[in-house]
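Quick notes on the structure that follows.
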Amino acid sequence: MFNPTSYSISKSVSWTPPKDCPTEKLFNAPRLEFAGGGSRVLTLELFFDATAPINGRRIDDVRQETDKIVNLTRIERESQQPPVCMISWGSQSSIGLVGALIEETVGEVVGIPGLSLFNKSPSAGLDFPFKGVVTNLEQNFTLFKRNGKPVRATLNVRFTEFFDPEEDKRYTDPELTTRQIKRGDTLSSIASEAYNDPKRWRVIAEANGIDDPRRLEIGETLTIPKQ
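Next comes the structure, spelled out in structure tokens:
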């Protein structure tokens, strides 16, 4: 798989007029009430070419690779639903990796260049990492061998954002806030910043299920309970 060169993200937000008063005389438009936010939708175009070696080996059918994406649409035996995925664009650290990585949070590692496990919560306000489920997949096979086996394909994949209730609460509960870990941060320094008391680092550790306060990952988002 070749790394995508672009991506698109869309999001809908519902505002509706009151049911008892959809229009008002002398006003150009009705009053609107917030009716909830829709999920973000990430769209990617993925290009596969089996005419060149993939991971140092040659394959005779590009579907050996594209089927690993198709599997993201199929029900898993244990969960009885398709897997939830985490999509990362570029590097989540300072490695400087270019491109998009599609990474399963459920199941085995997908063995395609740029595909690996990535199991973290998304950072609020950032496009990536993007946690979602495949809601639409279109496969286009464009080059074939004489025996009819496809060797080149383009996949258009649509991911719809997935939030479990507890995770969503972290970003909407007025009693909680979030803080992204930066280089040099410790739980004590974050507690000092949030509460003016470094000794309250345990409050942050408990809220985020952190067992070892010395192991913090740059870029990870922490939930900070309000005082």
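Anchor point for the sequence shown: position 130 equals 130 in the numbering used here, and the numbering is continuous, going up by one each time. C-beta: ideal position from N, C-alpha, C; glycine also.
- With 16 or more other Cβ atoms from the protein chains shown falling within 10 Å of its own Cβ, V84 counts as buried.
- Our two residues, S192 and R63, have alpha carbons roughly 53 Å apart in a direct line.
- Of the candidates T177, F162, R215, D164, the residue whose Cα lies closest to the Cα of S188 is R215.
- Between the stretch 45 to 60 and the stretch 29 to 36, the count of C-beta pairs closer than 8 Å stays below three; the two stretches do not touch.
- Between the C-alpha atoms of R152 and T142 there is a straight-line separation of about 6 Å.
- Taking one beta carbon from each stretch, the stretch 146 to 160 and the stretch 130 to 137 have 3 or more pairs nearer than 8 Å; the two touch.
- Judged by their CB atoms, P213 and A205 are nearer to each other than the 8 Å cut-off.
- Under a 10 Å Cβ-count criterion, E65 is classified as buried, with 16 or more other Cβ atoms of the shown protein chains found around its own Cβ.
- Judged by DSSP secondary structure, S79 falls outside any beta strand (DSSP E); it is assigned neither H nor E.
- If you draw a straight line from the Cα of Q139 to the Cα of M1, it is about 14 Å long.
- Per DSSP, the beta-bridge partners of E45 are N156.
- The beta carbon of R200 sits closer than 7 Å to those of A191, all from its chain and outside the five residues before and after it, given in chain order.
- By the criterion of a C-beta distance shorter than 8 Å, V203 is surrounded in its chain by A191, Y195, P225, once the five residues flanking it on both sides are discounted.
- Collapsing the DSSP output to three states places E65 in a helix.
- With respect to F128, W89 sits close: the two C-beta atoms are nearer than 8 Å.
- Note on K182: under 16 other CB atoms within 10 angstroms of its CB, so exposed under the neighbour-count rule.
- Excluding residues up to 5 positions away in sequence, G38 lie with their Cβ nearer than 6 Å to the Cβ of S12 in the same chain.
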